[in-house]
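Just below is one structure, and these are the notes that go with it.
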């Protein structure tokens, strides 16, 4: 399973990369807005900076989202964003114009990530239109008392039955258990804030055990 970090902050991406397990980055307009970037050219430069931080190892692993809503504008913006860097995947919302845009871009071999997925029907249409990724939002469904993991399982089943190549990125991750449950389902990737990924390694018994090992060692071993 691939681990993506959901941020547009360059320092966070650098820190996540140091862990040695980072496979990519997902962004959205809200995350970009947090970085106090005020014009399109600077946003595009920011996307390129993200790609450069990730280095040469991976490809097609930076999701950059369009903000247009009309079909022709979405197509134009998608082509612009795709041309910025070979790593970029164009992130497109699950709307009617979004599905049309994904279909158009897929015919031009431009990879897309269909985002704001909240139903299996949306995921099915995204796969039919040729989306490279889909991003179902677990946490936001949980927030309204729906089981986000049930949606992930359903999408996984449908894709397996019809042998769609579209990859599933579980988004809106709220806690480490979400990541573990997604791994058990066997999806392709999760995208999460860095602190949630880091929390996978934390366990009180590990801390207690290490403290005891070091204490015992210092009692008996002299440098």
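In my numbering, the protein residues as written are 1429 to 1651. The C-beta atom is built at its ideal place from N, Cα and C for all residues, glycine as well. This structure is a prediction, so every number in the text was calculated from the model and none was measured.
The Cβ-Cβ distance between residue 1553 and residue 1527 falls below 7 Å. Residue 1525 sits in a helix when the DSSP states are folded into three classes. By the Cβ rule, the segment 1520-1534 does not count as touching the segment 1570-1589, because fewer than three pairs are nearer than 8 Å. The residue among 1569, 1632, 1610 and 1551 with its C-alpha nearest the C-alpha of residue 1583 is 1551. Residue 1509 and residue 1492 have their C-alpha atoms roughly 7 Å apart. Assigned with DSSP and collapsed to three states, residue 1434 falls in strand.
As the crow flies, the alpha-carbon of residue 1643 is around 11 Å from that of residue 1636.
Just measuring C-alpha positions, the residue of 1517, 1542, 1507 and 1514 sitting nearest residue 1523 is 1542. Judged by DSSP secondary structure, residue 1620 falls within the beta strand (DSSP E) whose first and last residues are 1617-1620. Per DSSP, reduced to three states, the secondary structure at residue 1581 is helical. Put simply, of 1563, 1477 and 1437 the residue whose alpha carbon is nearest the alpha carbon of residue 1616 is 1563. Note that the segment 1436-1455 does not touch the segment 1495-1509; fewer than 3 beta-carbon pairs, one per stretch, sit closer than 8 Å.
For residue 1594, no beta strand (DSSP E) run applies, since DSSP gives it neither H nor E.
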